[in-house]
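In the working numbering, the protein residues as written are 1 to 316.
Report on the following structure.
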């Protein structure tokens, strides 16, 4: 039965004899109640000794009911209050504060239950048309699931969520949705530029829907820490392993030491790197003295080994 009809039935069933008229009785147009029972003094100020008389159930937490002028007049007359509506527009709006249960708590309960039925325990829970249940603000609550069913393939589920809390009737809500598989990925916390070496504050580990994760992305932070970016990466973007490499020991335009090794001979010269390169990679360099452009292997910070018999190439 709707709350308004229950409330009206409570009013009409309270067949108490009228008492002496009260002076200075005023309607409370907006009523906030925290108890599960609505009382006479909630509706009328200066209700007198009968103010604590129960009138009916209060709204459910987070809900409201409206009592119109004819009902209010009947209640006042029934309880001997000297109040009459000035017009037919007068009404009392009765609200009961409530708090919405955290969606994460309900999802965690579902995830645990679904894992026992073979679904991914780290799946993302997708609820269809979900509205979080409300409970009294200060009340402790308890949740449980009944009648859980799972459809395969598709990982669709349905269940009854049972909500109990002090000061409210037990609620049973039908919920349904889908458990979406997820995969681990590493996301950039900020925009990372070409050539940056990734540190712990630059990335975070998350899980994304498997359908959004393409092959070749980093899954763990340890795969990217200390690596250098070969192309820029936007904030909140996954990091492809193919775009990472060892830190460059030689930077473009950096002065480098050229080392020419031959049997029984080692010569050095000053040069300038024409690109970035890590240890073991080949980089083009210019001999400062001859202006010749050669290719050599990076053997250390700012050091490039030129192979014996290396042929100078055309300057860029």
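Heads up, the beta-carbon is just placed ideally off N, CA and C, and yes, glycines get one too.
Because the structure is a prediction, the values reported are computed rather than measured.
In this structure the segment 44 to 58 does not lie against the segment 119 to 136, because fewer than three pairs of beta carbons, one per stretch, are closer than 8 Å. Nearest to residue 110 by alpha-carbon distance, out of 136, 95, 143 and 93, is 143. In this structure, the CA atom of residue 192 is about 25 Å from the CA atom of residue 298. Shown here, residue 41 sits in a helix according to DSSP, grouped into three states.
Across the structure, residue 261 and residue 244 are spaced so that their CA atoms are roughly 31 Å apart. Contact annotation: residue 91 and residue 68 have beta-carbon atoms nearer than 9 Å. The residues 272 and 273, in chain order, have a CB closer than 7 Å to that of residue 253 in the same chain once the five nearest residues on each side in sequence are set aside. Bridge pairing for residue 270: 257 [DSSP]. For residue 88, same chain residues with a beta-carbon under 6 Å away, outside a window of 5 residues either side, are 69 in chain order. Annotated three-state conformation of residue 223 is helix, per DSSP. Annotation: residue 135 to residue 168 spans about 7 Å, alpha carbon to alpha carbon. Rounded to the nearest angstrom, the Cβ distance from residue 158 to residue 179 is 12 Å, too far for a contact under 8 Å. For residue 175, the enclosing beta strand (DSSP E) covers residues 171 to 180.
For residue 24, same chain residues with a beta-carbon under 6 Å away, outside a window of 5 residues either side, are 46 in chain order.
Bounds of any beta strand (DSSP E) do not take in residue 72; it lies within the alpha helix (DSSP H) bounded by 69 to 78.
Assignment of residue 184 by DSSP, reduced to helix, strand and coil, places it in the strand class. Residue 47 carries a coil assignment under DSSP once its states are collapsed to helix, strand and coil. Straight across, the Cα-Cα distance linking residue 303 with residue 229 is about 21 Å.
The alpha-carbon of residue 283 is positioned some 54 Å away from that of residue 107. Under the DSSP definition of a beta bridge, residue 286 partners with 272 and 293.
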